[in-house]
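Numbering (the numbering used here), first residue to last: 264 to 611.
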């Protein structure tokens, strides 16, 4: 009997020791898991903070990229999410954004090349837009949009306070349909452009037989027309034109890159294809009608637009040579950057 009780006591002590060892191991494992979890959490928070720094740089530098000097830009944010971000201008099109995020004792660094998009990938920007059979490869921004006829499609966002359709008209949007109109005023100060043209002695296009200033080919520099002007390029050219009146686009040469601003209206061409890049601004109306679809790449900006059968693809090539001449008001259109994330799925 005594031997049996002794054996039972030994087994009990063995079980207690085993449980103590197991408990200690589990406790140590739990502490390790908590430490790892805290480390991973801090790593994720630091990464998030670093990416937040990149987004802040994009938001801030969109409108000030042109004025960014060789010294670059630096900003530190001490509160959660904590980060330090700097941007270095590589050339007149690209930035290198470096951001370091902090959480706990960890720091995460991201480097993101960014390509400047001065027009914010917007193909049409207007106060009021009336469109029929519109095909847009890019964002469309207007306070009020009216689809007048046919089938329209937007491969991008439609940012409008109000959207209406006529009977029988339809439209599709591949991106976001944003009901809030957040557009800032982009009204160009033409008095400042007149003064600059006079001070810098911009050339005037020659007068046509009809009494309009006409641009038919390359120019040595920016052109200023004191009245109505016609764009009728007979050869490939890169041109910048300001007209203190209306602009009529009558003809173009393949491969041309044209940026033009009118204090009055702009009448788009009846031709079917523009093989180049076009930026047009009208303080008044932008008009286009025709039986054939007009295809071109670029961006149109106007107080009001009435366009029919238009296929436009976003392109900012026409403005690159004239970034320092273009009125700063135009960069309020939503200038931004295309980011090349190393991580294809950033946490933001």
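Each residue gets a CB set at the ideal place from its N, CA and C atoms; glycine is no exception.
Figure out for me which residue from the options has the closest Cα to the Cα of residue i.
i	options	result
residue 394	385, 401, 407, 383	407
residue 468	451, 503, 440	503
residue 376	356, 387, 580	356
residue 565	451, 433, 366, 360	451
residue 522	349, 552, 593	593
residue 398	567, 596, 556, 582	556
residue 579	525, 383, 545, 493	383
residue 558	400, 599, 306, 358	400
residue 429	438, 441, 410	410
residue 532	319, 335, 550, 524	550
residue 314	597, 345, 336	345
residue 414	600, 598, 574, 603	574
residue 380	577, 427, 520	577
residue 600	312, 319, 508, 454	319
residue 374	365, 572, 366, 349	349
residue 432	454, 396, 337, 442	396
Under 7 angstroms, Cβ to Cβ, is there at least one residue of chain D near residue i?
i	result
residue 469	No chain D appears in the structure shown, which is made up of a single protein chain.
CA-CA distance, residue i and residue j?
i	j	result
residue 587	residue 304	45 angstroms
residue 238	residue 368	No answer is possible for residue 238: it lies beyond the span of the chain, which begins at 264 and ends at 611.
residue 418	residue 435	8 angstroms
residue 331	residue 322	14 angstroms
residue 385	residue 562	7 angstroms
residue 297	residue 308	Low confidence applies to residue 297: its pLDDT is 46, below 50, so where it sits in the model is not reliable enough to give any reading.
residue 540	residue 553	20 angstroms
residue 425	residue 391	10 angstroms
residue 378	residue 583	12 angstroms
residue 354	residue 329	11 angstroms
residue 518	residue 405	29 angstroms
residue 478	residue 439	39 angstroms
residue 567	residue 544	11 angstroms
residue 492	residue 514	13 angstroms
residue 371	residue 325	24 angstroms
residue 476	residue 333	40 angstroms
residue 449	residue 441	19 angstroms
Can you tell me whether DSSP reads residue i as helix, strand or coil?
i	result
residue 515	coil
residue 582	helix
residue 351	strand
residue 408	strand
residue 463	coil
residue 316	helix
residue 449	coil
residue 429	coil
residue 307	helix
residue 496	coil
residue 454	helix
residue 483	coil
residue 506	strand
residue 472	coil
So does residue i have its beta carbon nearer than 6 angstroms to some heavy atom of the ligand FAD?
i	result
residue 442	The model depicted lacks the ligand FAD and carries no ligand whatsoever.
Item to complete: Could you tell me whether the segment 458-474 touches the segment 484-499, where touching means 3 or more Cβ pairs closer than 8 angstroms?
Response: yes
Worksheet item: Can you give, in chain order, each stretch of the beta strand (DSSP E) that sits fully within the segment 327-406 and has at least 3 residues?
Response: 336-340, 345-352, 357-366, 369-380, 385-400
Discussion item. Runs of 4 residues minimum, wholly inside the segment 526-605: which ones carry the alpha helix (DSSP H) assignment?
Written reply: 580-583
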